[in-house]
Amino acid sequence: GQTGYPWIDACMRQLVQEGWLHQVGRHAVSVFLTRGDAWQHWEMGLKVFFKYLLDADWSVCAGNWMWVSSSAFEKCLDCPKCFHPVRYGQRMDPVGDYVRRYVPELSQFPLRYLFHPWRAPLEVQKKAGCIIGKDYPAPIVDHAEAAMKNGERMSLVREKYAKLPDIPHVKPSNDEEVWRIAWLPRNLTSVPCVSSDKCDALDIGE
């Protein structure tokens, strides 16, 4: 819970504190650890989940981590940009109650900066009683750069294995299944800004 991304940290802190995490949070942190940002092996995440989840099941956890990390490189969920560590959180926690509960050091931040507090002017940070880089960590990775680099890595692997015979494996039945399980919106253009001031569009695609 010290990545510098409040939504991700809130999810991990709930997991450690309570032994449970909603499937949306499980998806978010698994993508962040693997294909989305940190580019770490999914087995590292599996070990953490199996240690803390009260409902952990070895085969279910292993299968989900392999699936969500896109280690099988199936087409339905083969995208490093599907879960933005800031905008996905904004969509799922539109007023910030969840983040404020599990990341209390950011509880006084205005909603405009709550999901990306490093963008807040120093005066705003001082007023909120939390200086980024001191009281709460700055992001451990630049999401835009990491997602682009990881996407390129995945493309190389996909191209390599495209020349091999098709190997059956467990995967989503279709795109619709992915949208339902991940709670991804069909169209974000109609989603209003949740801040009292102008903020970034809730665009999970970038």
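Quick note on numbering: the sequence shown equals residues 2 to 207 in our numbering.
Backbone N, C-alpha and C fix where the C-beta goes; we use that ideal spot for every residue, glycine too.
Being a predicted model, the structure only gives us computed values, none of them experimental.
Below 8 Å between beta carbons: does that hold for Tyr114 and Val125?
Within the sequence shown, residue 114 is the residue found at index 113, counting from 1. Within the sequence shown, residue 125 is the residue found at index 124, counting from 1. Taking 8 Å as the Cβ cut-off, Tyr114 and Val125 qualify as a contacting pair.
Helix, strand or coil: which one does DSSP assign to Ile133?
Within the sequence shown, numbered from 1, the residue matching residue 133 stands at position 132. Correct three-state label for Ile133: strand.
Take Ile9 and list the residues in its own chain whose beta-carbon comes closer than 7 Å to its own, dropping the five residues that flank it on each side.
In the sequence shown, the residue the question calls residue 9 occupies position 8. So the list reads Ala29, Val30, Phe33 and Pro86, once near-sequence residues are dropped.
Beta-carbon within less than 6 Å of Gly5's beta-carbon, same chain only, minus the 5 sequence neighbours each way: which residues are those?
Position 4 of the sequence shown holds residue 5. Excluding positions up to five away in sequence, the list reads Pro138, Ala139, Pro140 and Ile141.
For Glu146, which of Val17, Gly37 and Trp21 has the nearest alpha-carbon?
The residue labelled residue 146 in the question sits at position 145 within the sequence shown. Of the listed residues, the one whose Cα sits closest to Glu146 is Gly37.
Report buried or exposed for Arg27, applying the criterion of at least 16 other Cβ atoms within 10 angstroms of its Cβ.
Reading the sequence shown from its first residue, position 26 is the one you call residue 27. The residue in question, Arg27, is buried, as its Cβ has 16 or more Cβ neighbours within 10 Å.
Cβ separation of Leu112 and Pro7, assumed to be a contact under 8 Å, to the nearest whole Å
Within the sequence shown, residue 112 is the residue found at index 111, counting from 1. Within the sequence shown, residue 7 is the residue found at index 6, counting from 1. Not really, about 11 Å apart at Cβ, beyond 8 Å.
Measure the alpha-carbon distance for Asp58 versus Lys128 and round it to whole angstroms.
By 1-based counting over the sequence shown, the position of residue 58 is 57. By 1-based counting over the sequence shown, the position of residue 128 is 127. Distance between the alpha carbons of Asp58 and Lys128: 44 Å.
Determine the direct distance from the alpha carbon of Gln24 to that of Pro166, and round the result to whole angstroms.
Here residue 166 refers to the residue found at position 165 of the sequence shown. Here residue 24 refers to the residue found at position 23 of the sequence shown. Cα to Cα, the separation comes out at about 33 Å.
With distances taken Cα to Cα, identify the nearest neighbour of Glu44 among Tyr162, Asp98 and Val61.
Here residue 44 corresponds to residue number 43 of the sequence shown, with the count starting at 1. Nearest option by C-alpha distance: Val61.
Inspect the beta-carbon positions of Gly20 and Leu54 and report whether they are closer than 8 Å.
Position 19 of the sequence shown holds residue 20. Position 53 of the sequence shown holds residue 54. The answer is yes: Cβ separation under 8 Å.
From the DSSP output, in three-state form, read off His85 for me.
Taking the sequence shown and counting its residues from 1, the one referred to as residue 85 is at position 84. Reduced to three states, the DSSP call for His85 is coil.
With His28 as the anchor, note down where its alpha helix (DSSP H) starts and where it stops.
Mapped onto the sequence shown, residue 28 falls at position 27. That run of the alpha helix (DSSP H) goes Gln24 to Val32.
I need the straight-line Cα distance from Arg92 to Phe116, nearest angstrom please.
Your numbering for residue 92 matches position 91 in the sequence shown. Your numbering for residue 116 matches position 115 in the sequence shown. The alpha-carbon atoms of Arg92 and Phe116 are separated by roughly 11 Å.
Tell me which residues share the same chain as Ser261 and place their Cβ nearer than 7 Å to its Cβ, disregarding the 5 neighbours each side in the sequence.
This structure does not reach residue 261, given that the chain is present from 2 up to 207, and the question cannot be answered.
Output the distance between the C-alpha atoms of Lys135 and Asn65, rounded to the nearest integer angstrom.
Mapped onto the sequence shown, residue 135 falls at position 134. Mapped onto the sequence shown, residue 65 falls at position 64. Rounded to whole angstroms, Lys135 to Asn65 spans 35 Å at the Cα level.
Could you have a look at Phe50 and say whether DSSP puts it in helix, strand or coil?
Translated into positions along the sequence shown, residue 50 becomes position 49. Reduced to three states, the DSSP call for Phe50 is helix.
In this structure, does DSSP put Lys164 in helix, strand or coil?
Numbered from its first residue, the sequence shown carries residue 164 at position 163. Three-state DSSP puts Lys164 in coil, outside helix and strand.
In chain order, what residues of the same chain lie with their CB nearer than 7 Å to the CB of Arg120, ignoring the 5 residues before and after it?
Reading the sequence shown from its first residue, position 119 is the one you call residue 120. Cβ neighbours of Arg120 beyond the five flanking positions: Tyr114.
Whole angstroms is fine: what's the gap from Gln3's alpha carbon to Arg14's?
Looking up residue 3 in the sequence shown gives position 2. Looking up residue 14 in the sequence shown gives position 13. Their Cα atoms are separated by approximately 9 Å.
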